[in-house]
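**Student:** Structure provided below as structure tokens; questions to follow.
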Amino acid sequence: MGEVIISFSIYYSTIKDLILIEEKMPEQSNYIEDTTILDPRGANNAASSQIYGSDISYNGHSYFSGYDLNYWLNYSYIDGRIDYEYDYDLPFLAQNIFKAGTTLKVKDFTLTPSIRWVSPITASYYKDGELARVDSYFISNLYSSYSLNKKEKLSLKIDNLFDTHYYSVRYNTSSKYVTPQNTRMVSLAYTINF
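Laid out in structure tokens, this is it:
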């Protein structure tokens, strides 16, 4: 026996009066009397942007005598532009993300392996006239649990199962635009429900 759910969505949005930090604001260089600001910068409603994308998910459930099996896949795509003095890519964005996993339940035992792939992520730091990019990454996670009885449960969780060293983007405009993410993390829990 089994069931399947497939869902799909697309979207498009526009943003006006997007706040940017103006690199140069010459019209405000003398706004304090008898003072000259050599490198004036400030926030300004200066841009607009368009964002569009799609998302598709597949969820399945099979159940037979003695076990249940759930499985899922998800893929999302997003892109867009910021319109300013010139057009440029959206920062802090991974265009493609793929996730998948399954949960197997056999009597009192549960096992859930999952994976996630993220394409390169744009950063707001510029290299050779283009937004810098943080490398893509692929990680796996694992969760398992065993019910000792109706109130007690043991569980084991392993994030980043294969100890992948990967980075995400830092939210600044400096040349140090990457930040390391957690390597393998293992946790064991004993839970009592009263």
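Here this note's numbering is used: position 157 in the sequence shown is 158, and no number is missing along the way.
In this text, a Cβ means the ideal position worked out from N, Cα and C, and glycines have one as well.
Tell me the DSSP secondary structure of residue 51 in three-state form.
**Tutor:** Strand at residue 51.
**Student:** How many Å lie between residue 162 and residue 48 at the Cα?
**Tutor:** Near 42 Å, if we compare the C-alpha coordinates of residue 48 and residue 162.
**Student:** Counting pairs of beta carbons, one from the segment 113 to 124 and one from the segment 136 to 156, are three or more of them closer than 8 Å?
**Tutor:** With a cut-off of 8 Å, the segment 136 to 156 and the segment 113 to 124 count as touching, because enough Cβ pairs lie within range.
**Student:** Could you tell me the alpha carbon to alpha carbon distance between residue 110 and residue 64, rounded to whole angstroms?
**Tutor:** Residue 110 and residue 64: Cα-Cα distance of roughly 15 Å.
**Student:** Considering Cα atoms alone, identify which of 79, 133, 70 is closest to residue 11.
**Tutor:** For the residues 79, 133, 70, the minimum Cα distance to residue 11 belongs to 79.
**Student:** By the three-class DSSP mapping on this structure, what secondary structure does residue 30 have?
**Tutor:** Below a pLDDT of 50, predicted positions are generally treated as unreliable, and residue 30, at 49, falls in that range; no measurement from the model is reported.
**Student:** Please go through the same chain and pick out, in chain order, the residues whose beta-carbon is closer than 6 Å to the beta-carbon of residue 105, but skip the five residues on each side of it.
**Tutor:** 70, 112.
**Student:** Select from 98, 86, 192 the residue whose C-alpha is nearest the C-alpha of residue 146.
**Tutor:** Of the listed residues, the one whose Cα sits closest to residue 146 is 192.
**Student:** Where does the unbroken beta strand (DSSP E) through residue 114 begin, and where does it stop?
**Tutor:** Residue 114 -> beta strand (DSSP E) spans 110 to 119.
**Student:** Thinking residue 158 and residue 188 are a contact (beta carbons under 8 Å), I'd like their distance in whole angstroms, please.
**Tutor:** Going by Cβ atoms, the distance from residue 158 to residue 188 rounds to 5 Å, so yes, they are a contact pair.
**Student:** In whole angstroms, what separates the C-alpha of residue 133 from that of residue 126?
**Tutor:** The straight-line gap from Cα to Cα measures roughly 6 Å.
**Student:** Please state the DSSP three-state secondary structure of residue 45.
**Tutor:** Looking at residue 45 - three-state DSSP - the assignment turns out to be strand.
**Student:** Is it right to say residue 178 is buried, meaning 16 or more other beta carbons lie within 10 angstroms of its own, or is it exposed?
**Tutor:** Counting Cβ neighbours within 10 Å, residue 178 comes out buried, since at least 16 surround it.
**Student:** For the beta strand (DSSP E) containing residue 164, name the first residue and the last one.
**Tutor:** Where residue 164 is concerned, there is no enclosing beta strand (DSSP E), given that its DSSP letter is neither H nor E.
**Student:** Restricting to Cα atoms, I'd like to know which of 88, 95, 19 is closest to residue 45.
**Tutor:** Among 88, 95, 19, the Cα nearest to that of residue 45 belongs to 19.
**Student:** Per DSSP, which one or two residues make a beta bridge with residue 190?
**Tutor:** Beta-bridge pairing links residue 190 to 156.
**Student:** Less than 9 Å between the C-beta atoms of residue 81 and residue 50, yes or no?
**Tutor:** Yes, Cβ-Cβ distance for residue 81 and residue 50 is below 9 Å.
**Student:** Checking the sheet assignment: what are the DSSP bridge partners for residue 104?
**Tutor:** Residue 104 is bridged to 71.
**Student:** Thinking C-alpha only, which one of 6, 86, 76, 171 is nearest residue 92?
**Tutor:** Minimum Cα distance to residue 92 is reached at 171.
**Student:** What is the residue span of the beta strand (DSSP E) that residue 150 lies within?
**Tutor:** Element bounds for residue 150: n/a, residue is neither H nor E.
**Student:** Out of curiosity, what's the CA-to-CA distance linking residue 143 and residue 86?
**Tutor:** Going by the C-alpha atoms only, they are around 47 Å apart.
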